[in-house]
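S.K.: Take a look at the following structure, please.
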Amino acid sequence: MAAIALPENLDLKAAVPLKAALLARRGAPIEIEADQVRRFGGLCLQVLLAARKAWDHDGQSFSIKGPSEAFVETTRLFGAEKALLSAEFQGAES
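Everything in the sequence shown is counted per this note's numbering, starting at 233 for the first residue and increasing by one.
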């Protein structure tokens, strides 16, 4: 299984490298390590949502491992928790 460790800041500058890293791993199961994320912008969220959809379409596993509180909270604020997070983290308190 391929893994990508997300950086602390998922801001505008991180979107293009994140997309490239995901595209390089398409076609195989992937695990996104989100424990270090402190800032999570909307563009990177869109990249991850598109990746989730692509992996689902390909029939491959796509999982978010150990998301930080900031990652979970931002995902919730954008209303994307059901699309991106496992049930374990959807109801987590911030």
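Where a beta carbon is used, it is the ideal one built from N, C-alpha and C, also for glycine.
When burial is assigned at 16 or more other CB atoms within 10 Å of the CB, is residue 284 buried or exposed?
M.R.: buried
S.K.: Closest by CA to residue 291, which one among 237, 269 and 262?
M.R.: 262
S.K.: Can you tell me whether DSSP reads residue 284 as helix, strand or coil?
M.R.: helix
S.K.: Do residue 277 and residue 312 have their C-beta atoms closer together than 8 Å?
M.R.: yes
S.K.: So, for residue 234: in the same chain, excluding its five sequence neighbours on each side, which residues have a beta-carbon less than 6 Å away from its beta-carbon?
M.R.: 257, 260 and 262
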